[in-house]
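What follows is a short report on a single structure.
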Amino acid sequence: MSPPHTQRATPGKEEIALLPPFERLGPDRIALVTTAAQAEQACAELAASTVWGFDTESKPTFVQGEMSDGPHVVQLSTLDKAWVFQLHDQGCRALVAQLLARPGTTKAGFGLGDDKKRIEAKLGVVPAGVMELNHVFRQQGYRKDMGVKGAVAVLFNQRFMKSKKAATSNWANPHLTESQLVYAANDAYAAARVYHALGLPAGT
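Each step along the sequence shown adds one to the number in the working numbering, with nothing skipped, and position 162 is 146.
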């Protein structure tokens, strides 16, 4: 009979601030996908992996009661490269929907509850094989949601940096900035790194 999990504390901001920075993907390992042709190429490359780091970005809403029509961006990443899909083009959007609905691949990320609902509403598909990494840490005895920052601190002893300016920027803009691309890609990349570091099985 295995012993019960001990309660573990999620690292705090002050603790994380002292750690060396997490090595992020640079622009040379990030692909911006805006057309159906680019999405087809991305699908072919992603097919080589059974685990994808996964996240989405939506234009923030500032007015009370205003509904988001996001996601505006979907990010998928392997351990080597990330793809940032914009959803303006109908053909690109359809291929992203196919990727997210594809069985046999794990889409791992943090705080994906809203993402799944928005994807269903916007793309008309239920994402398959989604793994909420916060749940894995909860099963390991962490009391509250870990989030990407806490997970990177615990597993790699490193500090994951997130730009508040990029987080609250206009993700519906047809032209994303380099800082937006780096921010979006690395959310998905860090999730892929965390998944593999946890020693979880590949694919679902």
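Glycine included, C-beta positions come from ideal geometry on N, C-alpha and C. A quick note: this is a predicted structure, and the numbers were derived from the prediction, not measured.
Inter-residue spacing [alpha-carbon to alpha-carbon] between residue i and residue j
{"i": "leucine 3", "j": "alanine 174", "result": "16 Å"}
{"i": "leucine 9", "j": "asparagine 170", "result": "6 Å"}
{"i": "valine 136", "j": "histidine 72", "result": "32 Å"}
{"i": "asparagine 141", "j": "proline 111", "result": "31 Å"}
{"i": "isoleucine 0", "j": "alanine 23", "result": "36 Å"}
{"i": "alanine 168", "j": "glutamine -9", "result": "32 Å"}
{"i": "glycine 54", "j": "lysine 146", "result": "20 Å"}
{"i": "leucine 60", "j": "valine 68", "result": "7 Å"}
{"i": "alanine 78", "j": "glutamate -2", "result": "43 Å"}
{"i": "alanine 20", "j": "glycine 125", "result": "43 Å"}
{"i": "lysine 106", "j": "histidine 180", "result": "30 Å"}
{"i": "serine 42", "j": "lysine 101", "result": "12 Å"}
Sheet register partners of residue i (DSSP bridge)
{"i": "glutamine 124", "result": "Per DSSP, none; premise fails for glutamine 124."}
{"i": "glutamate 24", "result": "Answer is none; glutamate 24 lacks a bridge partner."}
{"i": "leucine 16", "result": "Val68"}
Cutoff 8 Å; reference residue i; Cβ partners in own chain excluding five residues on either side
{"i": "lysine 128", "result": "Thr(-6)"}
{"i": "glycine 189", "result": "Outside the displayed range of the chain (-15 to 188) lies residue 189, so it cannot be described from this structure."}
Integer-rounded CB distance, given that residue j should sit under 8 Å from residue i
{"i": "valine 132", "j": "leucine 182", "result": "That belief does not hold up - the Cβ atoms of valine 132 and leucine 182 are roughly 13 Å apart, past 8 Å."}
{"i": "cysteine 76", "j": "threonine 161", "result": "Between threonine 161 and cysteine 76 the Cβ distance is about 19 Å, and since that is not below 8 Å, they are no contact."}
Range covered by the alpha helix (DSSP H) that runs through residue i
{"i": "glycine 10", "result": "Counting along the chain, glycine 10 falls outside any alpha helix (DSSP H), and DSSP gives it neither H nor E."}
Bounding residues of the beta strand (DSSP E) (the contiguous stretch that carries residue i)
{"i": "leucine 60", "result": "57 to 61"}
{"i": "aspartate 129", "result": "Element bounds for aspartate 129: n/a, residue is neither H nor E."}
{"i": "lysine 91", "result": "90 to 93"}
{"i": "leucine 114", "result": "With the sequence shown as reference, residue 114 is identified as valine, and leucine is not the correct amino acid for it. From DSSP, the beta strand (DSSP E) with valine 114 extends over 114 to 116."}
Nonlocal neighbours in the same chain, by C-beta distance under 6 Å from residue i, ignoring five residues either side
{"i": "arginine 177", "result": "none"}
Cutoff 7 Å; reference residue i; Cβ partners in own chain excluding five residues on either side
{"i": "cysteine 27", "result": "Leu79, Leu83"}
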